[in-house]
Amino acid sequence: MARSRIRILVAKPGLDGHDRGAKVVARALRDAGFEVIYTGLQQTPEMIVESAIQEDVDIIGLSILSGAHMTLFPEVLRLLKEKGANHIKVFGGGIIPEDDVKKLKKMGVVEIFLPGTSTDEIIKFVREYFKNKKNKKQG
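So the working numbering is basically just the index in the sequence shown, starting at one, shifted up by 20.
Next up, the structure:
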């Protein structure tokens, strides 16, 4: 039986200890009708990917403020591919320079949200992304 709701894993990779933004985003996504799993602070890429596979999520949202985005995002993408789970998409947010945003998108991150992005924008992105993905499958 197919799931009707999009499942999202929200994670805080690395040693970053600030999770307020991730919790706000997770709550907003849940309130918008998505199924949300929040993994908590200081998750390794391995822990995130394992949780994503176990929870059968559609997409992972990574919140990174530590500056380690050019290490952590690629490692999550690599592990998803290695485990045959690259159908699970990745988006993220944090303090990320524009040049790095471009590089991360080229690597396969579907979207990056910078400080000041509203939760409404994030919700709209996820809805549109999966609506477009569904339309491509049907068309």
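We put the beta carbon where it would ideally sit given N, CA and C, even for glycine.
Query: Neighbourhood of residue 21 by C-beta, 8 Å cutoff - its chain only, sequence neighbours within 5 removed; Result: In this predicted model, residue 21 has a pLDDT of only 41, less than 50, meaning its place in the structure is not dependable; the value taken from the coordinates is given anyway. The answer is none, since no qualifying residue turns up.
Query: C-alpha distance - residue 128 paired with residue 119, whole-angstrom precision; Result: 15 Å
Query: Cutoff 7 Å: residue 139 Cβ touching any chain E Cβ; Result: Among the chains of the structure shown, chain E does not appear; only one protein chain is present.
Query: Straight-line gap, residue 59 to residue 93 (C-alpha atoms, nearest Å); Result: 16 Å
Query: Beta strand (DSSP E) segment containing residue 114, residue limits; Result: 109-114
Query: Exposed unless 16 or more other CB atoms sit within 10 angstroms - verdict on residue 97; Result: buried
Query: Simplified DSSP assignment, three categories, for residue 81; Result: strand
Query: DSSP three-state assignment for residue 147, whether helix, strand or coil; Result: helix
Query: Assigned secondary structure, residue 29 (DSSP; H/G/I helix, E/B strand, else coil); Result: strand
Query: Touch test, the region 134-145 against the region 98-109, Cβ-Cβ under 8 Å, three pairs minimum; Result: no
Query: Nearest-angstrom Cα separation, counted from residue 46 out to residue 39; Result: 10 Å
Query: Span separating the alpha-carbon of residue 90 from that of residue 65; Result: 13 Å
Query: Residue burial classification, residue 76 (beta-carbon count within 10 angstroms, cutoff 16); Result: exposed
Query: 7 Å Cβ cutoff met for residue 111 and residue 87; Result: no
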